[in-house]
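Asker: In my numbering, the protein residues as written are 576 to 1069. Idealized CB from N, CA, C, for every residue including glycine.
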């Protein structure tokens, strides 16, 4: 019997369209959607706004947690090793739990797991860990390490430090803010919730094996192998690092081995370069480019993107976005023909055409009472042709190459924010799919039915090679049994 192609580059079924049988993730337990539009949730998440309006206290708080950093060595690997990397996991809904079965299957023989950014939504509360962390990943038999994202910092990192570092704080922002407005900021700053100690103790029993236990030295760390050093940094709420962490990063980056950086926020995303400032001067990317790094992986953006960048002396560095392991999907069709790297050195998952179909149909369902459902119901060939027309690119899958975009498809592409060429998203007549979508409409337009277009990474390290595979998660049973490889990198380490 002829089998269908395996991934989204090859067929609609490879992307998960027309899913015949959902996966088994429903059997993992309650998966209630997180509503970002509830006033109570927005109020609990207010520390993001306070940090941006009054000044970010994270650097000061991190200094209190870490003190003077030592080596921050998390573990040492004696030889070849493998690990899973999941980004932005913790919504606790179907899109998070859909990632669990394929990740457990793919990573059954891996040595450990890393969660990069936003372990727990919406505010990193310790009381969300029982369901969104311990219950979700009880089946993973190795230790799980993490780097915090901005949402984990909304409670001063109290929940994260309690679970991953076995540390407790007082929940205070300290003496960061001065003056009259500082008094207001300190009063508005959200303190951590008191922990439900009974629920937390019961949750820890879900991962009881000695091999599952681990204690991190802090929110940033390194892992050493004979052929590769892995460095993980904490970029807080605003996407920078403190002076002490910067000095530590420079010191550990001086090691002559090839290095992989994992960070809460990516250095390249959505055709933009964000080098990550260091308090007191310099940037993280300056260190990356001058210190033998071969790849950088960041979370925060809820999809997969890859940028191959030419560094000095002909060296190439692979910059990856890998935040698609649970939270609502960020659109890729709003990414124009790339300018920070040549388009041939850029890859994304989901494909731009699939992203346009996904968002267009979501809008159609939300606006069905206005009679617009049929208008927004667009097929992949139409969507791919419309995206290709606006960007001046060729569709990835064959069925998109055989059609011409209709007027309706072109209009939908404009409304959904597909830019013209590499000029960025159109400013007029655009429905919220980019920054406004992320800030306001994320949950209102979240999709909780297959295909989810989630993803995770499997990373294998040998003496000669760093191998990184991005595996797609549609939520369909066939892809759960055999997760499709959406992108693969092989980087020589010698």
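1. What whole-angstrom Cβ distance do residue 655 and residue 1037 have, given they're in contact under 8 Å?
2. Could you pull out every residue in the same chain whose Cβ sits closer than 6 Å to the Cβ of residue 687, ignoring the five residues on either side in sequence?
3. With distance defined between alpha-carbon atoms, name the residue in 661, 961, 1039 nearest to residue 1033.
4. Could you pull the DSSP bridge partners for residue 880 from this structure?
5. Taking the continuous alpha helix (DSSP H) assigned at residue 735, which residues delimit it?
6. Alpha carbon to alpha carbon, how far is residue 966 from residue 1061? Give it in angstroms, no decimals.
7. Classify residue 692 as buried or exposed, calling it buried when 16 or more other Cβ atoms lie within 10 Å of its own Cβ.
8. With a cut-off of 8 Å, do at least 3 Cβ pairs link the stretch 898 to 917 to the stretch 1052 to 1061?
9. Write down the C-beta distance between residue 844 and residue 896 rounded to the nearest angstrom, noting that I regard them as a contact closer than 8 Å.
10. Over the uninterrupted alpha helix (DSSP H) stretch that includes residue 1047, give me the two end residues.
11. For residue 675 versus residue 600, is the C-beta distance shorter than 8 Å?
12. Does the beta-carbon distance from residue 961 to residue 987 come in below 8 Å?
13. Just list the beta strand (DSSP E) runs in the stretch 631 to 696, keeping only unbroken ones of 3 residues or longer that don't cross its boundaries, in chain order.
14. Going along the chain, which residues of its own chain have a beta-carbon closer than 8 Å to the beta-carbon of residue 804, five neighbours each way excluded?
15. With a threshold of 7 Å, establish whether the CB of residue 675 neighbours any heavy atom of the ligand FAD.
16. Quick one, which of 786, 1025, 868, 1059 has its alpha-carbon nearest residue 1031's?
17. Candidates 818, 838, 822: which alpha carbon is nearest residue 854's?
18. Curious, which full-length alpha helix (DSSP H) runs of at least 4 residues does the stretch 745 to 807 contain?
19. Using the Cα positions of residue 873 and residue 618, report the straight-line distance between them to the nearest angstrom.
20. Going by beta carbon distance, what residues of the same chain come within less than 6 Å of residue 886, once the five residues before and after it are set aside?
21. Quick one: is residue 1024 buried, meaning 16 or more other Cβ sit within 10 Å of its Cβ, or exposed?
22. May I ask which residues mark the beginning and end of the alpha helix (DSSP H) holding residue 1062?
23. Work out the CA separation of residue 758 and residue 1063 for me, nearest whole Å.
24. The alpha helix (DSSP H) that contains residue 700, what's its start and end?
25. Provide the residue(s) that pair with residue 712 in DSSP beta bridges, ordered along the chain.
26. Please state the DSSP three-state secondary structure of residue 848.
27. Are the stretch 694 to 708 and the stretch 627 to 637 touching by the rule of at least three beta carbon pairs closer than 8 Å?
28. Given this structure, state the Cα-to-Cα distance separating residue 948 from residue 928, to the nearest angstrom.
29. Give the straight-line distance between the Cα atoms of residue 668 and residue 969, rounded to the nearest whole angstrom.
30. Out of curiosity, what's the CA-to-CA distance linking residue 706 and residue 621?
31. Anyone know if the C-beta pair for residue 641 and residue 665 falls short of 8 Å?
32. Once the 5 residues before and after residue 783 are set aside, which same chain residues still bring their CB inside 7 Å of it?
33. Residue 626 lies in the alpha helix (DSSP H); which residues open and close that run?
34. DSSP state of residue 870, grouped into three classes?
35. Where DSSP assigns a beta bridge to residue 594, which residues make up the other side?
36. Going straight from the alpha carbon of residue 915 to that of residue 637, what length do you get?
Answerer: Let me spell this out:
1. 5 Å
2. 658, 717, 718
3. 661
4. 896, 923
5. 733 to 740
6. 22 Å
7. buried
8. no
9. 5 Å
10. No alpha helix (DSSP H) contains residue 1047, which is instead part of the beta strand (DSSP E) from 1040 to 1048.
11. yes
12. yes
13. 648 to 651, 656 to 662, 687 to 691
14. 797, 798, 827, 830, 832, 833, 834, 835
15. Absence of the ligand FAD from the depicted structure is noted, as is the absence of any ligand whatsoever, leaving it without description.
16. 1059
17. 818
18. 754 to 763, 772 to 779
19. 27 Å
20. 864, 892
21. exposed
22. Where residue 1062 is concerned, there is no enclosing alpha helix (DSSP H), although the beta strand (DSSP E) it sits in stretches over 1060 to 1067.
23. 51 Å
24. Note, residue 700: premise wrong, no alpha helix (DSSP H); not H, not E.
25. Residue 712 pairs with nothing; no bridge assigned.
26. strand
27. no
28. 19 Å
29. 35 Å
30. 23 Å
31. no
32. none
33. 622 to 629
34. strand
35. Bridge partners of residue 594: none, in fact.
36. 32 Å
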